[in-house]
Amino acid sequence: MLRPLTAYRRGSWEDRAVPSLFASYLRVYEPLAAFDRDRQSYWRRYVSEGRAVAPVEGPGRQRTAVIEALGAGWTRLPDLPEEAYVLETDDSLLVCPWNLRIRVAEAALSARDGVPSVLADAFVPPVLAGQARAVVDDWRSGARVLEHGVPRVHEQIATWGVPLRWFVLFDPAERDLVTQPGRRALRYRTEISKARRRSSRALSVLRKSVGEAPITEAVEEAARWLEEFHPRSVVELDYGGLVDLLSDETLTADDSPELVAGGLAGLSRGEAEEASAAYDKLVARWRAVQLLERCN
């Protein structure tokens, strides 16, 4: 059984009344064997000192760390302390590092987007932008990640919804739903080997039925990302702060993974209308959540 380590170190993460961003998260937790000797020692100390961060409070702390780093003088990308979410099994620990250096690099590049060059250079000097671009390019290259030990990004973030490709990785039976006041949460967890098999099957169906469509490319991207991690890793889909936008009844009735599975099954049988109906229902459901952003 997988358990968030913070439930034993600092109180259950589900009990913490800390507001989350309106975002969902796809995370990979790797065993210590996935890290080099120095990193293994670091994470063991990190856990033994009770520093593991609860998922419900992590998004806010990440955002604060990035904002503070961007105001630190802009002479170089800062070396931020390493933080992580941690899961405990009966015989091992699994770690999902935050990789804040990459988050800061992305934020630095985003700060230059749509800004006149004079202002962009004043706020994010070209030398710093170059460093940030190199960091981002490195982790986006799967080959460099695998061959040269470039830090992997263990967490993907989506605001105001859940990308449909994420549902491909999970089975409905892997859902963990909590609807008690102050402890509301919805997440899925699975072994990475199962997630890889599901993405592979989905890719096969999509390539045969719709070809190189955007949905095919999206699922292929998710499958490539999973290949970066240790074979004994755990994959987690966390609805995060989205649960604050949805009623208990809506969360209980949510069958998004079933709709994805049903749509793929329809495509595999050549039943286009069945697949289209499942897809349209799923898109409509999450578009309604996305529209809430305009009301916020």
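Quick note on UniProt numbering: the sequence shown kicks off at 1 and runs consecutively. All C-beta atoms, glycine included, are put in the ideal place defined by N, C-alpha and C.
Between T250 and T179, the C-beta gap is not smaller than 8 Å, which leaves the two residues out of contact. T159 has A23 as its beta-bridge partners, per DSSP. T190 has V235 as its beta-bridge partners, per DSSP.
Counting C-beta atoms within 10 angstroms of its own C-beta, S233 has 16 or more neighbours from the protein chains shown and is therefore classed as buried. If you draw a 10 Å sphere on the C-beta of V168, you find 16 or more other C-beta atoms in it, and that means buried. Annotated three-state conformation of R152 is coil, per DSSP. Of all alpha-carbon atoms in V124, R269, W98, the one lying nearest the alpha-carbon of S110 is that of V124. According to the DSSP assignment, L226 belongs to the alpha helix (DSSP H) that extends over 214-226. For D248, the uninterrupted alpha helix (DSSP H) run begins and ends at 248-253, by DSSP. The beta carbon of V136 lies closer than 8 Å to those of I102, A105, E106, L109 in the same chain, with the five residues before and after it left out.
For L282 against L245, the beta-carbon gap comes to about 17 Å, at or over 8 Å, which does not count as contact.
Secondary-structure assignment with DSSP links V86 through a beta bridge to V95.
A straight-line Cα-Cα distance of about 42 Å links G182 and A272.
Rounded to the nearest angstrom, the Cβ distance from A202 to V243 is 26 Å, too far for a contact under 8 Å. By the neighbour-count definition (other C-beta atoms within 10 Å, threshold 16), A275 is a buried residue.
Cα atoms of S41 and A278: separation of roughly 47 Å, rounded to the nearest angstrom.
Ranked by Cα distance from E220, the first of D90, Y25, F229, L206 is L206.
Bounds of any beta strand (DSSP E) do not take in R184, whose DSSP letter is neither H nor E. Each residue's CA atom was taken as its position, placing L21 and R269 some 40 Å apart.
Here the region 188-197 does not lie against the region 207-216, with fewer than 3 beta-carbon pairs under 8 Å apart. At a Cβ-Cβ threshold of 8 Å, H154 and R27 count as neighbours. Following the DSSP letters along the chain, one finds L169 in no alpha helix (DSSP H), marked with neither H nor E. Contact annotation, D238 with Y25: C-beta distance approximately 4 Å; criterion of less than 8 Å satisfied.
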